[in-house]
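Novice: To start, I am sharing the structure in question, which I have written as structure tokens.
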DNA sequence: CGGCATCCTTATGGATACTG
DNA sequence: CAGTATCCATAAGGATGCCG
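Chains as they are written, first to last, in this note's numbering: chain A, 324 to 467; chain B, 324 to 467.
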């Protein structure tokens with residue numbers, strides 16, 4: 324028979340799930356544009372307009388917001404050259420460069436495994452498309 | 324399938340920014356609940372109700388959706404035991420376990436650097452609160 | 001050039017009720 | 001127990017216009 328997991332061993336708090344550093348880090352980094360901006364700046368300092376052109380598809384609003392968030396988090400330095408017209412250059416701090424390293428790890432995983440994910444999704448979708456697959460009558464079965 | 328990110332090439336396409344494996348990976352993993360569910364299942368197989376109680380705060384809707392996404396992506400196996408009442412057990416696939424490793428890397432970065440991020444944010448906010456800081460008159464200056 | 005402010009559309013996600 | 005379906009509030013994000 325199958326044994327039910329004993330939740331009492333976990334202690335009532337469950338605090339590790341609700342208040343973990345990873346969660347905060349993901350709140351910061353798990354952002355559509357953050358990884359792209361950091362990845363772009365990992366190549367070297369870049370001006371606002373250059374970033375906007377490079378990250379084709381980003382709106383000015385989101386680029387501004389993303390850069391503010393990154394600057395506030397200490398990942399990006401913002402330097403204003405008081406010329407006319409003004410030039411604003413963005414660059415990674417050392418902290419930001421460490422994020423670049425992390426993004427490299429994510430990219431490594433992605434390049435190694437994302438095609439597996441795509442294949443799994445294709446299989447899942449095809450299986451969902453077929454009405455009733457030849458499922459062996461014996462239990463237990465997936466997708467019963 | 325995915326374009327290989329060559330950050331040194333700035334050729335007009337910018338394809339690496341719009342269609343990179345990292346982006347797809349983040350679309351999958353950069354989710355509030357995904358990391359928690361994967362983290363929970365990294366401890367071992369768990370039933371639906373156990374997950375719901377463990378991830379205190381998650382709604383049934385989000386747990387179901389998250390598990391479906393993870394199952395479709397091939398990170399999670401779903402096994403139905405045709406008992407009464409029914410039991411549905413979720414477990415990580417080997418692919419899912421590799422994600423757990425990645426989440427470990429993120430947690431490592433988070434535990435090493437998030438307090439720096441918090442400090443940077445505190446400094447930023449305090450600086451924003453003060454009206455006009457003593458800024459050295461020489462260019463270039465940050466926050467001009 | 002590098003923003004900020006505003007409007008508006010679309011996701012995201014919670015609450016609730018019902019089912020095999 | 002393990003879901004599905006529905007409604008609804010809020011937030012994310014794009015389009016546009018104006019400014020120093």
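Using N, Cα and C, we set each Cβ at its ideal position, and we do this for glycine too. Because the structure is a prediction, the values reported are computed rather than measured.
Can you check which of these residues, 407/A, 436/A, 450/A, 400/A, is closest to residue 346/B by C-alpha distance?
Specialist: Within the second chain, numbered from 1, the residue matching residue 346/B stands at position 23. The shortest C-alpha separation from residue 346/B is found at 436/A.
Novice: Helix, strand or coil for residue 469/B, going by three-state DSSP, please let me know.
Specialist: The first residue shown for chain B is 324 and the last is 467, placing residue 469/B beyond what the model contains.
Novice: Whole angstroms are fine: how far does the CA of residue 409/B sit from the CA of residue 440/B?
Specialist: Taking the first residue of the second chain as 1, we reach residue 440/B at position 117. Taking the first residue of the second chain as 1, we reach residue 409/B at position 86. Rounded to the nearest angstrom, the two C-alpha atoms are 46 Å apart.
Novice: Any Cβ of chain A within less than 8 Å of the Cβ of residue 415/B?
Specialist: Within the second chain, residue 415/B is the residue found at index 92, counting from 1. No, its Cβ sits nowhere closer than 8 Å to a Cβ of chain A.
Novice: By DSSP, does residue 402/A sit in helix, in strand, or in coil?
Specialist: Here the question's residue 402/A lines up with position 79 in the first chain. The answer is strand: DSSP assigns residue 402/A an E or B state.
Novice: Figure out for me which residue from 450/A, 434/A, 387/A has the closest Cα to the Cα of residue 343/B.
Specialist: For the purposes of this step, residue 343/B is taken as the residue at position 20 of the second chain. Closest by alpha carbon: 434/A.
Novice: Got a sec, what are the start and stop residues for the alpha helix (DSSP H) residue 352/A sits in?
Specialist: Numbered from 1 along the first chain, position 29 holds the residue referred to as residue 352/A. Counting along the chain, the alpha helix (DSSP H) containing residue 352/A begins and ends at 344 to 352.
Novice: Buried or exposed: residue 419/A, going by 16 or more other Cβ atoms within 10 Å of its Cβ?
Specialist: Counting from one through the first chain, the residue named residue 419/A turns up at place 96. That one is buried.
Novice: Under the rule that 16 or more other beta-carbon atoms within 10 Å means buried, what is residue 394/A, buried or exposed?
Specialist: Taking the first residue of the first chain as position 1, residue 394/A is located at position 71. Flag for residue 394/A reads buried.
Novice: Smallest Cα separation from residue 382/B: which of 414/B, 423/B, 424/B, 360/B?
Specialist: Mapped onto the second chain, residue 382/B falls at position 59. Closest by alpha carbon: 360/B.
Novice: So, residue 364/B versus residue 403/B, is the Cβ gap smaller than 8 Å?
Specialist: Translated into positions along the second chain, residue 364/B becomes position 41. Translated into positions along the second chain, residue 403/B becomes position 80. In this structure, residue 403/B does not lie closer than 8 Å to residue 364/B by Cβ.
Novice: At least one CB of chain B closer than 8 Å to the CB of residue 361/A: is that the case?
Specialist: Along the first chain, one-based indexing puts residue 361/A at 38. Judged by the 8 Å Cβ criterion, residue 361/A is not in contact with chain B.
Novice: With 8 Å set as the bound, which would you pick, yes or no: does the beta-carbon of residue 452/A sit closer than that to a beta-carbon of chain B?
Specialist: By 1-based counting over the first chain, the position of residue 452/A is 129. Cβ-Cβ to chain B under 8 Å: no for residue 452/A.
Novice: For residue 362/B, does the count of other Cβ atoms within 10 angstroms reach 16, so buried, or fall short, so exposed?
Specialist: Start at 1 with the first residue of the second chain, and residue 362/B comes out as number 39. By the 10 Å Cβ count, residue 362/B comes out buried.
Novice: At least one CB of chain A closer than 8 Å to the CB of residue 430/B: is that the case?
Specialist: Taking the second chain and counting its residues from 1, the one referred to as residue 430/B is at position 107. Closer than 8 Å to some Cβ of chain A, the Cβ of residue 430/B qualifies, so yes.
Novice: For residue 411/A and residue 401/A, what's the separation of their Cα atoms in angstroms?
Specialist: Taking the first chain and counting its residues from 1, one reaches residue 411/A at position 88. Taking the first chain and counting its residues from 1, one reaches residue 401/A at position 78. If you take the alpha carbons of residue 411/A and residue 401/A, they lie about 7 Å apart.
Novice: In the region 363 to 396 of chain A, which residues sit with their C-beta less than 8 Å from some C-beta in chain B, listed in chain order?
Specialist: If the cut-off is 8 Å between Cβ atoms, the region 363 to 396 of chain A has 363, 365, 366, 377, 378, 379, 380, 394, 395, 396 near chain B.
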